[in-house]
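Some notes on the structure that comes next.
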Amino acid sequence: MERAQVYFSDFRTKAFGDSMPTKLKKLIKAAGIGEIDLDGKFAAIKLHFGELGNISYLRPNYARAVVDVVKELGGKPFLTDCNTLYPGSRKNALEHLECAWENGFTALTAGCPILIGDGLKGTDDVEVPVPGGEFVDKALIGRAIMDADVFISLTHFKGHEMTGFGGTIKNIGMGCGSRAGKMHQHNNGQATIHEDRCRGCWICQRECANDALVFDASTRKMHVDLDKCVGCGRCLGSCNFDAIEFVNGNAVEILNYRMAEYTKAVVTGRPQFHISLVVDVSPNCDCHGENDAPILPNIGMFAS
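Okay, here's the thing in structure tokens:
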């Protein structure tokens, strides 16, 4: 695969000049989205709708800009994401859609339907072979995403507690995986708890979808049930006292490899276009129900 040429636009504009959605439209047209045959084609626009309480996710206005261009080119766009592993507001399609609506993504604001890629309970997936995959033989991808004729990623670049930063590969590889696919990618290492740092606050326990965190009333410390821990890392981001780490020192490295190979499964052999916005760069993923102040100034928009 040849290296793509990446186009860039900053977030500056003059008084009464172009709006940011207008600049985004101009950017993706300059980057060649019009070279894709979209006429009559179903186009999946993969983005993150944001967890409830988080306000650093990409505003619906950006999604609308992409949708408008796709429709101008004759495409049939839909916004999509897959369900999450952990407790929260996006673990099944009903709650996921309600979360998207509350965060401003509706058919009216987006200009197109919203489909949850892996269905009601996160079980509607497709096994996609990964030729030459070193860490992934078959990826479990949301069916609606693989059924689409054209794939477009719209990514919010931000920090991430497991991978350092979360960009396009995180958005596609992890985001397009069904619930089983996400577990497959995360299942690299297991959590361990340093009792000298644990405050017994129970916050991590509320984040665990697998009942793997057990509170010991005698010591007032949390413990890990290794038979239940799947290594998803959700607890890691919830601890304010650095009491949790992962036993497998290669866990994050393996996670990154698996996400890359899941991304390969999604994009190989199909028309594709990618957009990444470096804006509101929060230190943690938009999967959090909160967001800290940005760690970088707003830099710009990239497309290829």
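Those letters in the sequence shown? Residues 1 to 304, by the working numbering.
Where a beta carbon is used, it is the ideal one built from N, C-alpha and C, also for glycine.
Computed from a prediction, not measured in an experiment: that's the story for all the values here.
| request: Ignore the nearest five residues each way along the sequence and tell me which others in L120's own chain have a CB closer than 8 Å to its CB. | output: Same-chain partners within the cutoff: N92, A93, L94.
| According to the Cβ coordinates, are F105 and A144 closer than 9 Å? | No, Cβ-Cβ distance for F105 and A144 is not below 9 Å.
| query | Going straight from the alpha carbon of V267 to that of G181, what length do you get? | reply | Cα-Cα distance, rounded: 16 Å.
| Anticipated Cβ contact below 8 Å, Q185 with Y86, distance rounded | Contact check for Q185 and Y86: beta-carbon distance about 13 Å, past the 8 Å limit, so the pair fails to qualify.
| Beta-carbon spacing of Q272, V224 below 9 Å | For Q272 and V224, no; Cβs fall outside 9 Å.
| said: What residue range does the beta strand (DSSP E) around T192 cover? | reply: Run containing T192: 191-193, per the beta strand (DSSP E) assignment.
| Nearest to M146 (by Cα), restricted to the options C176, V136, G166, F135 | For M146, the closest alpha carbon among the candidates C176, V136, G166, F135 is that of C176.
| query | DSSP on P129, reduced to helix/strand/coil? | reply | Collapsing the DSSP output to three states places P129 in a strand.
| message | So, at 6 Å on beta carbons, what are the nonlocal neighbours of D118 in its own chain, with the 5 sequence-adjacent residues on each side left out? | response | C82, N83, D124, D125, G142, S178.
| task | Put T219 into one of helix, strand or coil per three-state DSSP. | result | Three-state result, T219: coil.
| task | Figure out for me which residue from E207, E195, C204, C208 has the closest Cα to the Cα of L218. | result | Looking at the sequence itself, residue 218 is Ser, so the reference to Leu does not match. It is E195.
| For I116: DSSP bridge partner residues | Partner residues in the beta bridge of I116, as assigned by DSSP, are D81.
| request: Would you identify the three-state DSSP class for S238, choosing helix, strand or coil? | output: Three-state DSSP puts S238 in a helix.
| said: Can you tell me whether L226 is buried or exposed? The criterion is at least 16 other CB atoms within 10 Å of its CB, across all chains shown. | reply: Answer is exposed; the Cβ neighbour count stays below 16.
| task | Please specify which runs of the alpha helix (DSSP H), each continuous and at least 4 residues long, are wholly inside the region 149-192, giving them in chain order. | result | Qualifying alpha helix (DSSP H) stretches, in chain order: 179-186.
| request: Return the chain-ordered list of same chain residues with a C-beta closer than 8 Å to the C-beta of D149, the five sequence neighbours on each side being excluded. | output: Non-local beta-carbon contacts of D149 in its own chain, meaning distances under 8 Å to residues more than five positions away in sequence, involve K41, F42, A43, R270, P271 in chain order.
| request: Inspect the beta-carbon positions of K25 and A65 and report whether they are closer than 9 Å. | output: In contact: K25 and A65 (Cβ atoms closer than 9 Å).
| task | Work out the CA separation of I244 and W202 for me, nearest whole Å. | result | Taking the straight line joining both Cα atoms gives about 13 Å.
| query | Identify the residues that DSSP records as bridge partners of I145: which are they? | reply | Residue pairing from DSSP leaves I145 without any beta-bridge partner.
| field | Separation of K170 from T155, as counted between CA atoms | value | Their Cα atoms are separated by approximately 9 Å.
| Bridge-paired residues (DSSP) for M301 | Answer is S9, L277, bridged to M301.
| task | Drop a sphere of 10 angstroms on the beta-carbon of D39, count the other beta-carbons inside from all chains shown, and report buried for 16 or more, exposed for fewer. | result | D39 comes out exposed.
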